[in-house]
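Working notes for the structure below.
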Amino acid sequence: MGFLYAKRNAAGGLECHAGNKSTGAVFPCKRRSPNTGQIYLRDNGFWLNIIGQKLAAFYGFHTGTYRGSIYALCHDGTYLYAGGFFYGVEGNNALYIAMLDDDGWQCMGAGANDFVYALCHDGTYLYAAGPFTQMDGISVNHIAKWNPATSTWSAVGDGLNNTIYALCHDGTYLYAAGSFTYSGSSPVKQVARWTGSSWQQVGNGFNYNPKCLFAQSGNLYVGGHFEFDGDSNPVKRIAVLNGSSWQQVGNGIGDNWVQCIGYHDSKLCVGGYFITNGDGTSCLRLAEYTGGVWSQIGGGINYGGVQGLTSYNGLLYVAGDFDISHGDVADGLMTWDGSLFADPGSPPRSFPGDEYVVLLYDNAVYVGGQMRMIGGYTTCVAKLADEIWSAI
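If you count by the working numbering, then the sequence shown holds residues 295 to 686, one letter each, in order.
Here it is as C-alpha cells:
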C-alpha cells in the first residue's frame, strides 16, 4: 500500500510526494505526462496516474500544442538521436532533432527549420536529412553533418535541391534518396552517393520518387512508388543497383508503395502500403523475397501500413500504423517468429499513432513515432530490453 501527499518546498512551491506504508520510504513524484501534465508513480514496473490535476505540460517530445512525431532514430555507440516533427523535449527547445545523453534529451544547436526525415551514422559523423534548408542557422540544402567532437553542424557539399526521404551507409559511401534533381549545378536525380567531396548520381532515376534505401551484402536496394526506371524499364517499387542502372527485384510489388526494407532469416523483406506483389498475388503490406518471388509474411497486415522493420534475436520487428481494431495482433508494433505474429514485451502499451521507426542497438530495440502509452506513460520513444518496455 502507498500514500500520496503534497507539501510546500523551500521556494513556496507545491510538491507531490509518494510513500510506502510498509517501509515508510517517501520520495517526490517527478514523472509527468507530456500530453496532460498529470503525475505518474512507478509501481511494480508500471507508471500509474496518481493525480489528475494539470500541474505541468509538455514534457517529452512536443510541438507546443500536441505530442510530437519521431520519423528517424540513430545510435552512434554513445548517444541516441531522434529526428522528426517537434519543437521541444523535456522542457528544452529542440527544433526537429535531439540527442539523448546521461542527463536526458538535449537540443543540438539551434536545430533545423523543417522536419527531419532521416538519420544515418558513418562511424564518425551523424547525418540528418529532410525538407529542411537550414540547420543551426547554416544553409545546408536538405542534408547536414553533425560532428560530435565539436558539437557543430556543417553542410555536406552543395547538398541536394529538394527533399531527402532516406539515408543509408554501406560501409564505404553515404547514400541519399528523395525528390531532388540537382546538387549545385550538377544533375543528380533521386538517388545520390556522397564521395567525401561531391554528390554523384546513382542509377538512372525513376518515374516516381523513392522512399527508402537499404544496403545488404554489397547490394544497394531502393523502394518506393515507382514503376519504371529512367529508361522506362519495369522496376515495380523495389529495385537493386546493377552497375549504372536499376534492376527489379524478382516479380516486384504490385501497387501503392514500399516504405521500408529489411533483412531477416537470410531473406530480403519489405513493408509498406501495398496489397499485392508484381504478379497480382495477395501480399498485404509485408512481404519476403524467396525463389525470385515476393510472398506475403504470415497473414499480412490487415490495415494501415508498415513503416519500419528490423531483425533481432530470431524475430522480425514490424512497426507501422496498423491496430488491433482491424484484426491485427497489436497496435503499431508486432514480432514475427516465422509462424506467428505476437505483441512484444511488457508492461501493456498502446501504439496507435503513425510514422514509426525501429532501431536495433546494444541488445535493445528502440521504437519511435507518435506513440501514446508505455504502462501509462505517454512517450514518443520507447526501448525494449529483456522483454521489458521503458519510456525514453
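Backbone N, C-alpha and C fix where the C-beta goes; we use that ideal spot for every residue, glycine too.
**Study point:** DSSP three-state assignment for H620, whether helix, strand or coil
**Key:** Residue 620 sits at position 326 when you count from the first residue of the sequence shown. In the structure shown, H620 sits in a helix (DSSP, three-state: H, G or I).
Practice item. Using the Cα positions of D625 and A509, report the straight-line distance between them to the nearest angstrom. Key: The count along the sequence shown starts at 1 and reaches residue 625 at position 331. The count along the sequence shown starts at 1 and reaches residue 509 at position 215. Their backbone Cα atoms lie some 28 Å apart in a straight line.
**Study point:** Coil, strand or helix - R531 by DSSP
**Key:** Locating residue 531 in the sequence shown gives position 237, where the first residue counts as 1. It is coil, neither helix nor strand.
Practice item. Name the residue from K561, G594, Y557, T489 whose alpha carbon lies nearest to the alpha carbon of T575. Key: The residue labelled residue 575 in the question sits at position 281 within the sequence shown. Closest by alpha carbon: G594.
Check your understanding: Quick one: is D395 buried, meaning 16 or more other Cβ sit within 10 Å of its Cβ, or exposed?
Key -> Walking along the sequence shown from the start, residue 395 turns up at place 101. The residue in question, D395, is exposed, as its Cβ has fewer than 16 Cβ neighbours within 10 Å.
Exercise for review: Kindly indicate which residue of W447, D416, H415 has the alpha-carbon position closest to the one of T427.
Suggested key: Indexing the sequence shown from 1 puts residue 427 at position 133. Selected option, being the one with the closest Cα: W447.
Review point. Taking just the CA atoms, how far does G497 sit from Y660?
Key: Mapped onto the sequence shown, residue 660 falls at position 366. Mapped onto the sequence shown, residue 497 falls at position 203. Cα to Cα, Y660 sits roughly 32 Å from G497.
Review point. So, using beta-carbon positions, are F520 and Y502 closer together than 9 Å?
Key: By one-based count along the sequence shown, residue 520 stands at place 226. By one-based count along the sequence shown, residue 502 stands at place 208. Going by C-beta atoms, F520 is nearer than 9 Å to Y502.
Practice item. Have a look at A423 and G517 and give me their C-alpha separation to the nearest angstrom. Key: Translated into the one-based positions of the sequence shown, residue 423 becomes position 129. Translated into the one-based positions of the sequence shown, residue 517 becomes position 223. For A423 and G517, the distance between alpha carbons rounds to 17 Å.
Check your understanding: When the Cβ atoms of the region 586-602 are set against those of the region 538-555, are three or more pairs found closer than 8 Å?
Key -> yes
Point to revise | DSSP beta-bridge partners of K561 | key: Here residue 561 is taken as the residue at index 267 of the sequence shown, counted from 1. BP columns for K561 point to H558.
Exercise for review: With a 10 Å radius around its C-beta and 16 neighbouring C-beta atoms as the bar for buried, classify Q664 as buried or exposed.
Suggested key: As a working note, residue 664 is residue 370 in the sequence shown. So Q664 ends up on the buried side.
Exercise for review: Following the continuous beta strand (DSSP E) through G378, name the residue where it begins and the one where it ends.
Suggested key: Sequence index remark: in the sequence shown, residue 378 carries index 84 (1-based). First-last of the beta strand (DSSP E) with G378: 374-379.
Check your understanding: Per DSSP, what kind of secondary structure is F474 in: helix, strand or coil?
Key -> For the purposes of this step, residue 474 is taken as the residue at position 180 of the sequence shown. Three-state result, F474: coil.
**Study point:** Residue from Y469, N456, Y375, H463 with nearest C-alpha to G478
**Key:** Stepping through the sequence shown from its first residue, residue 478 is reached at position 184. The candidate whose alpha carbon is nearest that of G478 is N456.
Point to revise | Cβ shell of N657 (< 8 Å), same chain only, five flanking positions each side left out | key: Position 363 of the sequence shown, counting from 1, holds the residue named residue 657. These residues qualify, in order along the chain: A679.
Review point. Is T629 buried or exposed, if buried means 16 or more other CB atoms sit within 10 Å of its CB?
Key: As a position in the sequence shown, residue 629 is number 335, starting the count at 1. Buried is the call here.
Point to revise | Residues near L653 by beta carbon distance below 6 Å, same chain, minus five either side | key: Counting from one through the sequence shown, the residue named residue 653 turns up at place 359. L367, Y660, listed in sequence order.
Point to revise | Given F282 as reference, the closest of W399, C506, F568, D408 once Cα atoms are compared | key: The requested residue 282 does not occur in the structure, where the chain is confined to residues 295 to 686.
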